[in-house]
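**Q** I have a structure I would like to understand better, so I am pasting it below and will then ask my questions one at a time.
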Amino acid sequence: MTSRTTATIRLVLGRTVFYGVLTVMGLFMLLPFLWSLSTSLKPNEDIIALPIKWLPGSITFEHYWSAFTTVPFARHFANSMLLAVAGVATNVLLGALAGYAFARLAFRGNRLLFRLLLASMMVPPVVTLVPSFIIVRSMPLAGGNDLTGQGGAGLLNTYWAVILPGAVGAFAVFMMRQFFLALPKDLGEAARVDGCREFRIFWSIYLPLCRPALATLSVFTFVAGWNGFLWPLIVLNDPDMMTIQMSLAAFSYNQKTDYGPLMAGSIVAMVPTLLLFAFGQRYLTRGLAFTGTGSR
Numbered sequence: 001m002t003s004r005t006t007a008t009i010r011l012v013l014g015r016t017v018f019y020g021v022l023t024v025m026g027l028f029m030l031l032p033f034l035w036s037l038s039t040s041l042k043p044n045e046d047i048i049a050l051p052i053k054w055l056p057g058s059i060t061f062e063h064y065w066s067a068f069t070t071v072p073f074a075r076h077f078a079n080s081m082l083l084a085v086a087g088v089a090t091n092v093l094l095g096a097l098a099g100y101a102f103a104r105l106a107f108r109g110n111r112l113l114f115r116l117l118l119a120s121m122m123v124p125p126v127v128t129l130v131p132s133f134i135i136v137r138s139m140p141l142a143g144g145n146d147l148t149g150q151g152g153a154g155l156l157n158t159y160w161a162v163i164l165p166g167a168v169g170a171f172a173v174f175m176m177r178q179f180f181l182a183l184p185k186d187l188g189e190a191a192r193v194d195g196c197r198e199f200r201i202f203w204s205i206y207l208p209l210c211r212p213a214l215a216t217l218s219v220f221t222f223v224a225g226w227n228g229f230l231w232p233l234i235v236l237n238d239p240d241m242m243t244i245q246m247s248l249a250a251f252s253y254n255q256k257t258d259y260g261p262l263m264a265g266s267i268v269a270m271v272p273t274l275l276l277f278a279f280g281q282r283y284l285t286r287g288l289a290f291t292g293t294g295s296r
């Protein structure tokens, strides 16, 4: 056996073991999703049967019907979609504007402000819940409040109570800044020589080059907004304004959990994020590859 043959055999064995381990890990990580899907299709007697039945003896869609009839699941689905899309729109636009300013505009305090922005990413979100609630409730001239922010409920029980506090995050600004730094400066300098205004340079030259970063930021922001639970639970008390995550929590009550509709609702709640990752995977990987390559 020649050395080349031996090397080829080792390479094949190495790849086989590598992909085999990855396959086992992938199936292990996929198991909760498969179990949820199987449970959503099982009759009630199969869900609580012992020993555990991994596959449904007979397929039924009654749990999906219960999920949409027990609670206004469709309305809550639409609420979450509205809030998630609004969060994507504001974070992409405002994050790109702020990131461009930090990356390409020279102004006093640039580095200091950016370091403060990075420091804010180290603060746990739960720490800001109470201050954010007070600000939302005390918004002047909103919800019956006067100019001092007193006398009413402010923005509580409105979609703005969820949209405005998350309109732009530190991560969005950081990510877009890093991507702008990776783009050549010559493009902007040539446009300035031709008399192009700064916003036009940002909008017409740099922003179209940031599609991978914008797609990546959109995916992250949408997933975060779609899975939001604690903050909407605090500021939204109207049942018609509940989000889909709050709706799923309604299937657990009085120390009892209705597993069938809960799993069916969970599967429906996964669909938007699965579709988003499926269609945005190419841009997502490109955006992650380029983000962080810039330096200053």
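The UniProt record's numbering puts the first residue of the sequence shown at 1, with every later residue one more than the last. For every residue, glycine included, the Cβ atom is placed at its ideal position computed from N, Cα and C.
Excluding sequence positions up to five away, which residues of its chain have a Cβ less than 7 Å from the Cβ of I267?
**A** Answer for I267: S36, L37, S40, listed in chain order.
**Q** Can you tell which of P272, F251, L118 has the C-alpha that lies nearest to the C-alpha of F68?
**A** F68 has its Cα closest to that of F251, out of P272, F251, L118.
**Q** Can you give me the Cβ contacts of Y64 inside the same chain, cut-off strictly under 6 Å, excluding the 5 residues immediately before and after it?
**A** Excluding residues within five positions, the ones whose Cβ falls inside 6 Å are A264.
**Q** For T39, does the three-state DSSP call read helix, strand or coil?
**A** In the structure shown, T39 sits in a helix (DSSP, three-state: H, G or I).
**Q** Going by alpha carbons, who is nearest to T70 out of L276, G20, Q281, G260?
**A** Of the candidates L276, G20, Q281, G260, the one whose C-alpha sits nearest the C-alpha of T70 is G260.
**Q** Give a yes or no on whether the C-beta atoms belonging to residue 375 and T221 are separated by under 7 Å.
**A** Residue 375 falls outside the range modelled here, since the chain spans only 1 to 296, and no answer is possible.
**Q** Helix, strand or coil for Y253, going by three-state DSSP, please let me know.
**A** In this structure, Y253 counts as strand in the three-state DSSP scheme.
**Q** Throw me the rounded Cβ distance for the M241 and N79 pair, which I believe falls under 8 Å.
**A** Right, the Cβ-Cβ distance comes to about 6 Å (below 8 Å), so this counts as a contact.
**Q** Which residue wins for smallest C-alpha separation from F114, given the options Y100, P124, V126, V127?
**A** Among Y100, P124, V126, V127, the Cα nearest to that of F114 is on Y100.
**Q** So, using beta-carbon positions, are N110 and N237 closer together than 7 Å?
**A** Going by C-beta atoms, N110 is not nearer than 7 Å to N237.
**Q** Is DSSP giving S138 helix, strand or coil here?
**A** Correct three-state label for S138: coil.
**Q** As a quick exercise: from T216, G14, A98, L50, pick the residue whose alpha carbon is nearest that of V168.
**A** The shortest C-alpha separation from V168 is found at A98.
**Q** With a 10 Å radius around its C-beta and 16 neighbouring C-beta atoms as the bar for buried, classify F277 as buried or exposed.
**A** Exposed.
**Q** For K185, count the other beta carbons within 10 Å of its own beta carbon; 16 or more makes it buried, fewer makes it exposed. Which is it?
**A** Under this definition K185 is an exposed residue.
**Q** Go ahead and label I244 buried or exposed: buried means 16 or more other beta carbons lie within 10 angstroms of its beta carbon, across all protein chains shown.
**A** With 16 or more other Cβ atoms within 10 Å, it is buried.
**Q** Under a three-way DSSP split, which group does Y100 fall into?
**A** Correct three-state label for Y100: helix.
**Q** Just checking my contact of G95 with M176 at CB under 8 Å: how many whole Å lie between their CB atoms?
**A** 5 Å between Cβ atoms; contact.
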